[in-house]
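Residues -17 to -1, 1 to 431 in mature numbering (1 follows the signal peptide of the UniProt record, and there is no 0) are what the sequence shown lists, from first letter to last.
The C-beta atom is built at its ideal place from N, Cα and C for all residues, glycine as well.
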Amino acid sequence: MRGGVLCVPCLCSGATCLMCSCCPNSRNSTVTRIIYAFILLLWTIVACIMLSPGVDEQLKRIPGFCEDGAGSSIPGLQADAKCDMFVGYKAVYRVCFGMSMWFLGFSILMINIKNSRDPRAAVHNGFWFFKFAALVAITVASFYIPDGLFTYSWFVVGSGGAFIFILIQLVLLVDFAHTWNESWVDKMENGNSRGWYAALLGVTILNYILSFTAVVLFFIFYTKPDGCFINKFFISFNMLFCIVASVVSVLPKVQNSQPRSGLLQSSIITLYTMFLTWSAMTNEPDKECNPSLLSTGEPVLTSPYLEWWDAQSIVGLVIFVLCILYSSIRSSSTSQVSKLTMASNDKVIMEEGSSSPDLSEELTGPRRVMDNERDMVHYSYSCFHCMFFLASLYIMMTLTNWYSPDTDYTITSKWPAVWVKISSSWVCLALYIWTLVAPMIFTNRDFS
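Written out as structure tokens, the structure is:
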């Protein structure tokens, strides 16, 4: 009871979130991002459930909610609106619409916040009950949006947003690869050099083996001896592009200006590019060159349901979850972290007018996390929410296999989705190569 009372400031005020007594000391800059990531993943699970077959039968068991052949009896909905609005890809569009609008609103609200003393920072770090209630309200309201123009328009917006998020995934992957490489190189220099060198070399070789295996499988399953020339071009061009990126990463001039560059990063980018190539080819409308089309032979689905659990979508969701979790727990630059840690080493958020904390209460009840952003924020609140806005669109497109809705009950695989994915792979490789050569061109800038 006492713990529940102490949690009220976290849920209903601007106080920084509380932690259980068994949890280690944490900073609000990390805890807040983890909570937002949890909400994003929770809404993703809701979208997956709404997409699963059989949900409509469960909804019909709710008295007064759905009537066979008559639609929903909810006040305000059209009499002829069928309950399939609450299931299938239509439901995914609306759930993700509510989630994305929620994050977009916070992105606009949090522009230009410098430190946690800004009143808007309290909204970002607290008021979780009201924020979650607003998310539920926006999601419920999205189901009142009429079909027609909304569905196709939101598909176009989702395609553009998902394309941008794919590029963000590249940045996160490159950052993760650099961090991984630096960590193992430091351990190699300070510990068992042979063991860590073997581990570093082994992971790099494994990534390249998986990439080469993927290329072979692509040629076997997605090409024909006398056809599928566009797939042959995608596979060959991306393979050559990845070879160029790997060679550039180990050039002496690049190594001198960018010591962190290496084959580990290139192998990760190569493997990610192969995934994007595979994902693009699975969206081709040509059934002769796309054996993974979700139908009995025609690239047209006449049901609101989609089998989102195919291999390509599962891999995409796994990469998405890892990138979101990494972006939520990663630290900012070392210099900024050091400065903020020194400035707020002994600062703990407490109720105004309270006396020194009771040690016995701290050990038995929930405690507040450390406010380490009193002088300067560790990350841009606005950009963080903007990234989650794009992540919501990426989830929507992934769960619906990037299929384009034509009518109320027909969705098809079309070439625009293919070109969005394949062009994103080219942009990804171009951006990675640019990170390698930019220090040589702009020698007066710090790229560390």
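Pick from the options that is closest to residue i, judged by C-alpha positions
i: Ile149; options: Phe371, Ile424, Thr418; result: Phe371
i: Val198; options: Arg103, Ile218, Phe212, Asp209; result: Ile218
i: Pro422; options: Gly185, Pro242, Arg16, Cys31; result: Pro242
i: Asn11; options: Val78, His107, Ala413; result: His107
i: Ser240; options: Arg16, Thr418, Phe21, Leu24; result: Thr418
i: Ser296; options: Lys73, Thr253, Tyr377; result: Tyr377
i: Val14; options: Val75, Ile312, Arg100; result: Ile312
i: Ile96; options: Phe367, Thr383, Leu34; result: Phe367
Which of helix, strand or coil DSSP assigns to residue i
i: Lys207; result: strand
i: Thr285; result: Because Thr285 carries a pLDDT of 42, less than 50, the predicted location of this residue cannot be relied on, and no value is offered for it.
i: Arg313; result: coil
i: Asp329; result: Its pLDDT being 40, under 50, Asp329 is placed unreliably by the model, and nothing is read from it.
i: Arg10; result: strand
i: Trp385; result: coil
i: Thr426; result: coil
i: Val420; result: helix
i: Ser244; result: coil
i: Met264; result: helix
i: Leu60; result: Model confidence at Leu60 stands at a pLDDT of 45, short of 50, so the residue's coordinates are unreliable; what they give is reported in the following sentence. It is coil, neither helix nor strand.
i: Lys397; result: coil
i: Met359; result: coil
i: Ser278; result: Because the pLDDT at Ser278 is just 42, under 50, the model does not fix this residue reliably, and the point stays unresolved.
i: Cys411; result: helix
i: Val29; result: helix
i: Asn221; result: helix
i: Tyr135; result: helix
i: Pro102; result: helix
i: Asn95; result: coil
i: Lys404; result: helix
i: Ser229; result: helix
i: Ser35; result: coil
i: residue 455; result: Any answer about residue 455 is impossible in this case: the structure gives the chain only from -17 up to 431.
i: Val320; result: Note that Val320 has pLDDT 35, beneath the 50 cutoff, so the model's placement of it is unreliable and no number is given.
i: residue 448; result: Coverage of the chain is limited to positions -17 through 431, which leaves residue 448 absent and any answer about it impossible.
i: Tyr127; result: coil
Given 8 Å as the limit, is there contact between the region 242 to 251 and the region 225 to 233, that is, 3 or more CB pairs closer than that?
Contact between the region 242 to 251 and the region 225 to 233 is present, because at least three Cβ pairs lie under 8 Å.
Does the contact criterion of 3 or more C-beta pairs under 8 Å hold for the region 254 to 272 versus the region 201 to 216?
Three or more beta-carbon pairs separated by less than 8 Å link the region 254 to 272 to the region 201 to 216, which places the two stretches in contact.
Does the region 104 to 120 come close enough to the region 162 to 174 that 3 or more CB-CB pairs lie under 8 Å?
In short, these stretches do not touch, since the Cβ pair count stays below three.
Can you find at least 3 beta carbon pairs, one from the region 129 to 148 and one from the region 85 to 105, that sit closer than 8 Å?
No, they do not touch.
Pair every Cβ in the region 22 to 35 with every Cβ in the region 69 to 81, then say whether three or more of these pairs are closer than 8 Å.
Cβ pair count under 8 Å is three or more, so yes.
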